[in-house]
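Data block below; observations after.
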Amino acid sequence: MKKTKNNKPQRVGIYPNLSKDDCRRVMESVIRFIHKRGHETYISDRLLSSYPTATHAVPPADLPAHIDFMVVLGGDGTLLSAARLVYPRKVPLLGVNFGDLGFLTDVSDGSMYEALDAVLEGKCHLERRMMLKITLKSGKGRNRTVLYALNDAVVREANFRALQLNTKIAGAVLSSFKADGLIISTPTGSTAYSLSAGGPIVEPTLQCLIATPICPHTLAIRPLIFPASQTIEVAFDPPEARVELAVDGQLVIELSPQDRLQIRRAEQPIYFLQLRRRPFYEVLRAKLKWGG
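Residue numbering for the sequence shown follows UniProt numbering, starting at 1 and increasing by one per position.
See the structure below:
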């Protein structure tokens, strides 16, 4: 995070989920709050007509180049979207929860202004989280596209039929099996879709990836944890299947029959702003009711 001489950030991006009434209501007051403390605000140019008091409005893709940190107003889904927007720039995210679960968003809406004050005063720390790098290769081995995810990448059949999935890890054949799909997740994503599919809960600072099959048609295929330094490759059959890749449950791409995926740890992490070092196990109890 870029700092001034007195170690305080100056340029604040604001990324709201305006489908939530509460986010719309507080947006203007958040802008004024930051301005009163002598800092500049940056928003998407798509929001300028609704919030003309913001200091700057730029295209969404240009926001990361202009800001020192980003305030994310919404829920976990909004934070996932913001993470992909700012990546790979080192732009820390301060998540303010206006959603239901709020597993990733560290600040409640009731303590938002207190948290903003602390961050603007530099009284916070950075937490690193792993990102996934997803390389989609064509049948000729060429890169079709490269995508990034904070939680997970999911391969699934668009018509909810079973797929024959062929997997390799670090170049070695792992298995060929029939299932409804396959989830590759980061430790952060281990408490999301992977958990619902029977995957393990993994402490988010561990350097590993998780492969979780979705409804495998055999008892021999179970979730697998493997080193983050290794790459998993996924191909699929039959050729007439309509196969989709879902990134963080938000971006969906239709795959061609000859396509294959290579998924590994991304080169750079994403950064979250936290006011205190809250133990993961405390969050697990509070948010997921671990232990009842």
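Ideal Cβ positions, reconstructed from N, Cα and C, are used throughout, including at glycine.
State the DSSP-derived secondary structure class of residue i, mapped to helix, strand or coil.
i: D21; result: helix
i: M70; result: strand
i: S229; result: coil
i: A54; result: coil
i: D152; result: strand
i: K137; result: strand
i: K5; result: Confidence at K5 is low in this model, with a pLDDT of 46, below 50, so its placement is unreliable and no value can be given for it.
i: I34; result: helix
i: L94; result: strand
i: K123; result: coil
i: D117; result: helix
Taking a contact to mean a Cβ-Cβ separation below 7 Å, would you say residue i touches residue j in this structure?
i: M112; j: L93; result: no
i: I183; j: S194; result: yes
i: L245; j: I253; result: yes
i: T41; j: I14; result: yes
i: Q250; j: P88; result: no
i: D180; j: I214; result: yes
i: P64; j: V91; result: yes
i: G95; j: N151; result: no
Taking 6 Å as the cut-off, is the CB of residue i close to at least one heavy atom of the ligand HEM?
i: I225; result: Ligands in the displayed structure: none, and consequently the ligand HEM is not present.
Determine the extent of the beta strand (DSSP E) in which residue i is found, giving its start and end residues.
i: S185; result: G181 to S185
i: R161; result: From DSSP, R161 is part of no beta strand (DSSP E); its letter is neither H nor E.
i: L195; result: That residue, L195, is in no beta strand (DSSP E); its alpha helix (DSSP H) goes Y193 to S196.
i: R264; result: R260 to R265
Going by CA-CA distance only, name the one from the options that's closest to residue i.
i: T55; options: S81, R46 and H39; result: H39
i: F226; options: K168, A83 and E121; result: K168
i: E127; options: V247, L206 and I14; result: L206
i: D45; options: D22, H35 and D62; result: D62
i: L284; options: A192, R260, T212 and L251; result: A192
i: E28; options: Q268, S50, V119 and A228; result: S50
i: T218; options: S138, V173, S19 and K178; result: K178
At which residues does the alpha helix (DSSP H) containing residue i begin and terminate?
i: V86; result: D76 to V86
i: F280; result: F280 to L288
Query - Sufficient close CB pairs (3 or more, under 8 Å) joining the region 232–247 to the region 154–164 - result: yes
Report task. Assess, as a yes-or-no matter, whether the region 261–271 is touched by the region 108–124 under the definition of 3 or more beta carbon pairs within less than 8 Å. Result -> no
Report task. Count the C-beta pairs between the region 93–109 and the region 74–82 that are closer than 8 Å, then say yes if the count reaches three, no if not. Result -> yes
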